[in-house]
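Letter by letter, the sequence shown follows residues -20 to -1, 1 to 152 in mature numbering (1 follows the signal peptide of the UniProt record, and there is no 0).
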Amino acid sequence: MRFSVTFFSVVAFYSTLVSCQPASIWDIFSIGFPSPFASQTTCRPRVYQGNKPLGYLSAKRNAYGEYGTLQESSSGALSVAFTATRSNSKELSLKVVGASAVTPMFGGIIGFTTSNDNLATGSHHYAYIGLTPQTSSGSVPVKGTNSFDQIQDFERKVQSAIWGYDSSTKRL
């Protein structure tokens, strides 16, 4: 099974648990108190099917520039960073730790056989997960340099602000 091809399906049907360490004193002491302050979180995404852990996302991309290979250990796994507030934890962009400035984000790349950008529930359209530039929250997919196109010489649209985070469950 190639998780890189169907990763959006995996995310849609199975939550991705993120094991995170508190990044600031705010994370530890303000539980239950609404705060407008942003908190930087760095974590290694771990994929689950129901309650069964499937593995951590590998930091290595496949031959097509996509993420999706899983590994048992968190050592050497993909590391992402993001900023969320208690009031805004949707449409977040995840930055890949150590990625280039041109394509620093862990984002969606519209599939090359997809006829339009509609990734709504029930749609047969899909996206790969790879390196993308940052896009604004609420934006539609836009053309941009990405890790798939750099290898395959396509011009696919991308979107990075597609992630949500629940700080109480540590789920993306």
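The C-beta atom is built at its ideal place from N, Cα and C for all residues, glycine as well. The structure presented is a predicted model; accordingly, all values stated were derived computationally and were not measured.
The alpha helix (DSSP H) that contains residue i, what's its start and end?
i      : result
GLN132 : 127 to 132
Distance check for residue j and residue i, CA to CA, integer angstroms please.
i      : j      : result
TRP143 : PHE128 : 19 Å
SER67  : LEU74  : 17 Å
SER116 : THR22  : 20 Å
ARG151 : SER19  : 16 Å
TYR47  : THR65  : 27 Å
PRO84  : SER140 : 10 Å
ARG136 : LYS32  : 33 Å
LEU34  : TYR28  : 5 Å
VAL60  : SER54  : 13 Å
SER10  : SER69  : Any reading at SER10 needs caution, since the residue's pLDDT is 34, under 50, leaving its predicted position unreliable; the model's value is listed next. If I take the Cα positions, the gap works out to 16 Å.
GLN132 : THR93  : 13 Å
THR63  : TYR145 : 10 Å
LEU99  : HIS105 : 6 Å
ASN42  : LEU50  : 11 Å
According to DSSP, simplified to helix, strand and coil, what is residue i?
i      : result
LYS70  : coil
GLN51  : strand
PRO14  : Residue confidence for PRO14 is low, a pLDDT of 44 falling below 50, so the modelled location carries little weight and cannot support an answer.
VAL60  : strand
PRO33  : strand
ASP97  : coil
THR21  : strand
TYR145 : coil
ARG41  : coil
Taking all protein chains shown into account, do 16 or more other C-beta atoms lie within 10 angstroms of the C-beta of residue i, making it buried, or fewer, making it exposed?
i      : result
VAL138 : buried
VAL76  : buried
GLY102 : exposed
ALA57  : buried
GLY30  : exposed
Restricting to Cα atoms, I'd like to know which of the options is closest to residue i.
i      : options                      : result
GLY45  : THR83, PHE134, GLY110, GLY78 : GLY110
SER147 : SER103, PHE134, PRO84, LEU72 : LEU72
ASN126 : GLY56, ALA107, SER119        : ALA107
ALA79  : PRO113, GLU135, GLY35, SER69 : PRO113
SER119 : THR149, ALA39, GLY102, GLY87 : GLY87
Would you kindly report the start and end of the unbroken beta strand (DSSP E) that includes residue i?
i           : result
residue 175 : Outside the shown range of the chain, which is -20 to 152, sits residue 175, and nothing can be said about it.
LYS137      : 137 to 139
THR115      : Taken as a continuous stretch (DSSP letters only), THR115 belongs to no beta strand (DSSP E), as it is neither H nor E.
GLY87       : 85 to 90
Is any non-hydrogen atom of the ligand GDP found closer than 6 Å to the C-beta of residue i, if you look at the structure I gave you?
i      : result
ILE142 : Because no ligand of any kind appears in the structure shown, any question about the ligand GDP cannot be addressed here.
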